[in-house]
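For reference, the structure discussed in these notes is given below.
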Amino acid sequence: MTFASIIIQLLNGLAAAASLFLVSAGLSLIFGVTRIVNFAHGSLYMLGLYGAYSLIQLFGRTPLGFWGAVVLAAFVVGLVGVAIELLVLRRIYKAPELFQLLATFAVVLVIKDVALFVWGAEDLVGPRAPGLSMAVEIMGRRIPAYDLLLIAIGPVVLAALWLLLTCSRWGALVRAATQDREMVGALGVDQAKLFTSVFFVGSVLAGLGGALQIPREPANLELDLSVIADAFVVTVVGGLGSIGGAFLAAILIGVAKAFCIGIGTVHWFGVEIAFSKLTLVVEFLIMAIVLVVRPYGLLGKPPAVQRLAADPAPPLEVPSWTFALVWLAALVVVPLLADRYVTILLTDIFCFALFAVSLHFIMGPAGMVSFGHAAYFGLGAYAAGLLLKRAGLPMEAALLLAPLVAGAFAVVYGWFCVRLSGVYLAMLTLAFAQISWSIVFQWDSVTGGSNGVFGVWPAPWLAGKTAYYYLALALCGAAIALLWRVLFSPFGYALRAGRDSPLRAEAIGIDLRTFQWKAFILVGTLAGLAGAVYAFSKGSISPSTISIAQSTDGLIMVLLGGVETLTGPLAGAAIFTWLRDEVARRTEFWRAVMGLTILAIVLLFPQGLVGGLKALVGRWREARS
Amino acid sequence: MLLVKDLHAYYGRAHILHGVSLAAAAGEVVALLGRNGAGKSTVMKTIMGLVPAASGEVVFAGRRIERLPPHRIAQLGLGWVPEDRRIFTELSVMENLAVGRQPARADAPSWSEDKLFTLFPNLAAMRERPGGRMSGGEQQMLTIARTLMGNPRCVLLDEPSEGLAPIIVEQMARSVRALKEEGLCVLLSEQNLHFSQAVADRAYIIEKGQIRFGGTMAELAADASLREQYLSV
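Okay, here's the thing in structure tokens:
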């Protein structure tokens, strides 16, 4: 690389960093005060981009029209954020944090379909900025003038935010609430109003980040999750709650990605490495390295001890043998009575039930929330497919080896993850899932890239839908039973002790990290089994099995059913899979229907479905006695 | 000014307060005495709305407040100074005070930063210092000053002398008397009998979530067996 091309890539990176910084600063601000990981933040960015597109068409392609549209779009997105806060989140601030997370997933689904309804499925390419469409020549290369403007906008917004946070009472309230919001309330500050205002500012930043991208990036429906993943990385690398850290991290990641694209393909020692395809890997590698070296990010501080009077999770109830046997008997009989469709749907449900139960194991009793559990499901599925198609193994061998491959990845990923806790851990799991996804997605020659792997069919003796149904029931059922059994072994008790009181657990001689690492490996292996069973039931594998959407589906299943019960994840997986199937057959807008259903459940049953039912039954019994 | 009647409160399933009743008038300092874990802090948190009242009444300035959220209670003029101070460590002294600021009210003394700096001269010298870089005594002064910024009519002071050097405890006692002279009603929880005797007019003794004694400080001073039974360690 010449010096000139280094400078050019640096400028490219800085321009890309601007929007990344805006959206991450908003996320960080909202998380700091409300402690809500707002998954819908990427959706707000997407709305900003779409909104600016439409408003520019309305106002005309003049400088005033363009900038008016950008600012108005950001403002409107701010109001959307306020609406989300008022209508949904305000009602569930007292619910467990994970339930708030579930609500923001639901909002993601709804916004995606609103965008689909209003703007359609096609990518929309926005206009260049009027008056700034020319390029500036720097060191013999041409740089768009708009990019130079973006480079300036980042520091300007940083300075404005810094002033707002350090020189106004609102800023003092925000910083105080980030540390101890109960105390702020006891001093007479209405937290609800403060939260609403923070949501407004954070959402405006997301909307502005999106709207400013209009000349650089087509508006499309995939942006919500890809942007939230980027924003998570930036926030975590910079340090949660640190605006300056978000700025640094945005620049670091923007520039690193620009260099990857700039380097292109190189040959080292006869190996061809396509750096331009490694942008996602590099981004998440930076995150993994930073989190291991500085667990709270570049400028972050260890999180303040939260003073939420959250009740400890109630003890788990063991499902009774009769309960399990009745269900098992019913499921054994089903294929004899029901039609082919039900058999196939139930086979899907078995796979997702194991997926959900393994996720529940790690996030409930083991206390480590994973945003990237699809990594193991997807790696299991791909391992099964590739062992069959590329390695030429028999199906039975592929099915048995695939979980071990997923487990091997869990050995590596888990080693890093158990070094963190809380939101940082959750985001690191997401990072590893995204690394896996991007490798699978971009390694065309082995994984088939975006097309996936085809012809992954089971051996002839299992080819019938009924035969495969029994295989799935046996394997997934056995794995679920194993996970439940482990929970009531000393190993399971140690994990729960570590969740409820990590210091105490360490003090009585439990090597918590090792226990958590083993738990990671166990659930990774069994989620891989779920993926492998799923792959052979479908006959093909696509990268979506390893996507963020797959991970969030798992979280929805667990949280919908109720994280505090053992059977909740089963109910959640069954209801989610069935509902999605039913709704998707009837309307193109199945996501919105799912999202609104989830929101209704969240608002009505803040303990999850099974938890809510148990509470109802308990109240009924109390009333009778 | 402040009247608590038959208050019950729970932490989860644990029944902590078993029918607490007490009263405090304007211009009066009332001590709530008891050993560790007797329920002193819970009484204050329940009055403040931070722990839900399961049953009973809290009347403040003629108004029932036991169902109000904490910020509404604070806005009515009831200030709370937590036992563990809960200073905003990232914020400077001036910013900590700014967070506590509420509009002036006609029926209570108004406080400004400057007036508070005359009450707590140590703070005046460290206006821009982050709360996290102050000594325990300085933090105790700041937390009281921060609550006074809300111009309260009544202050709940949770163990203001805890963990402080004797010279700072003396200064604290002077400050509490100054609040009384301003006409505030002060409810003070203490394990330190000497501190209470230096500032309080009346006292209640709480044990296992129940009030065991209510009377003047003089009555308490005269009854050695009472002190022996409920207060000595």
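Sequence lines, in order, name chains A and B.
Residues in the first sequence are numbered consecutively from 68, following our numbering.
Residues in the second sequence are numbered consecutively from 11, following our numbering.
We put the CB at the ideal spot given by N, CA and C, even for glycine.
Keep in mind that this is a model prediction, so the values were computed, not measured.
- Cβ-Cβ distances below 6 angstroms link A41(B) to L198, E200, S206, A210, A213 in the same chain, with the five nearest sequence neighbours on each side left out; the list follows chain order.
- The shortest C-alpha to C-alpha distance from Y213(A) to any of V436(A), G207(A), P197(A), A226(A) is the one to P197(A).
- Straight across, the Cα-Cα distance linking P402(A) with E152(A) is about 46 angstroms.
- Flagged as an interface residue toward chain A: G160(B), by a C-beta distance shorter than 9 angstroms.
- Among the residues facing chain A, G110(B) is included, as its CB has a counterpart in that chain under 9 angstroms away.
- Per DSSP, I75(B) lies in no beta strand (DSSP E) segment and is marked neither H nor E.
- The Cβ of V265(A) sits no closer than 9 angstroms to any Cβ of chain B.
- DSSP, reduced to helix, strand and coil, places G115(A) within a helical segment of the structure shown.
- With fewer than 16 other beta carbons inside 10 angstroms of its own, K161(A) counts as exposed.
- The beta carbon of F127(B) sits no closer than 9 angstroms to any beta carbon of chain A.
- Residue state for W121(B) is assigned as coil, using DSSP reduced to three classes.
- When C-beta atoms of the segment 110-123 of chain A are compared with those of the segment 268-287 of chain A, three or more pairs fall below 8 angstroms, so the two segments count as touching.
- Of A534(A), L633(A), A141(A), L542(A), the smallest CA-CA separation from L466(A) is found for L542(A).
- By the Cβ rule, the segment 81-92 of chain B counts as touching the segment 155-168 of chain B, because three or more pairs are nearer than 8 angstroms.
- At a cut-off of 9 angstroms between beta-carbon atoms, R157(A) makes no contact with chain B.
- Taking the C-beta atoms as reference points, L347(A) is found no nearer than 9 angstroms to Q124(A).
- Taking C-beta atoms under 8 angstroms as the contact rule, G474(A) and G305(A) fail to qualify, at a distance of about 33 angstroms.
- Annotated three-state conformation of H18(B) is strand, per DSSP.
- Burial check for R407(A): the Cβ neighbour count within 10 Å stays below 16, so the residue is exposed.
- Residue burial annotation: G621(A) is buried, with at least 16 other C-beta atoms found within 10 angstroms of its C-beta.
- CA-to-CA, the gap between S122(B) and L189(B) works out to about 14 angstroms.
- The DSSP-derived three-state label of P222(A) is helix.
- Using a Cβ distance threshold of 9 angstroms, A36(B) and L133(B) do not count as a contacting pair.
- Here the C-alpha atom of T533(A) lies approximately 39 angstroms from the C-alpha atom of F184(A).
- In this structure, the straight-line span from the alpha carbon of F582(A) to that of E463(A) is close to 31 angstroms.
- For the alpha helix (DSSP H) assignment, the uninterrupted runs of no fewer than 4 residues enclosed by the segment 550-605 of chain A are, from N- to C-terminal side, 557-567, 569-574, 579-605.
- Non-local C-beta neighbours of A228(B) in its own chain, meaning closer than 7 angstroms and more than five positions away in sequence, are absent.
- Excluding its 5 nearest sequence neighbours in each direction, I613(A) has C-beta neighbours in its own chain below 8 angstroms: A441, A442, F444, G445, L446, A448, Y449, A500, S503, W504, V507, listed in chain order.
- When L87(A), I356(A), V303(A), S110(A) are compared, the shortest CA-CA separation from V224(A) is found for L87(A).
- Contact check for A640(A) and A420(A): beta-carbon distance about 4 angstroms, within the 8 angstroms limit, so the pair qualifies.
- Judged by DSSP secondary structure, R208(A) falls within the beta strand (DSSP E) whose first and last residues are 208-211.
- Judged by DSSP secondary structure, Q220(B) falls outside any alpha helix (DSSP H) and instead within the beta strand (DSSP E) spanning 220-226.
- Here the C-alpha atom of L78(B) lies approximately 42 angstroms from the C-alpha atom of F656(A).
- The alpha-carbon of R139(B) is positioned some 8 angstroms away from that of L101(B).
- At least one CB atom of chain A sits nearer than 9 angstroms to the CB of A84(B).
- Per DSSP, the unbroken beta strand (DSSP E) holding W90(B) starts and ends at 88-91.
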